[in-house]
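See structure below.
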Amino acid sequence: MIAFIMQGINMALFATFTSDFTLMIGAALAGVGYGTLLAVFPSITADYYGLKNYGANYGVLYTAWGVSGFIGLWLQLWRLIQPVLTHWLTLSVRQ
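Start counting the sequence shown at 1; every next residue gets the next number (UniProt numbering).
Next up, the structure:
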């Protein structure tokens, strides 16, 4: 339970990190939390959903993490590129 709370607080504080040092500390805490919860997720999955479909549920859990990592990459890329595209589109319309 402590790891879940620590991860939640860390995620909420990520928007306030302004320096490289605080970002590194936040990333380190996220890594520690991820490593801690990685060992706990199999037992949590079995407790909540039972052993009948354990393999399928566990596979869905880790597939969702992979898909969210892929989607998060593209969302971040769009967030970085979108202001540049807006700038160029604005320049092309103004002429």
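Heads up, the beta-carbon is just placed ideally off N, CA and C, and yes, glycines get one too.
Predicted, not measured: the structure shown is a model, and the values here were computed from it.
Would you give the residue range spanned by the alpha helix (DSSP H) that residue i belongs to?
i   : result
S19 : Segment: none, S19 is in no alpha helix (DSSP H) and carries neither H nor E.
N10 : 2-13
When burial is assigned at 16 or more other CB atoms within 10 Å of the CB, is residue i buried or exposed?
i   : result
T63 : exposed
I'd like to know whether the C-beta atoms of residue i and residue j end up nearer to each other than 8 Å.
i   : j   : result
T45 : A3  : no
N10 : A39 : no
F14 : G26 : yes
Y58 : P42 : yes
So for residue i, helix, strand or coil by DSSP?
i   : result
G50 : coil
Have a look at the options and flag the residue whose alpha-carbon is nearest the alpha-carbon of residue i.
i  : options       : result
Q7 : W65, T22, A28 : A28
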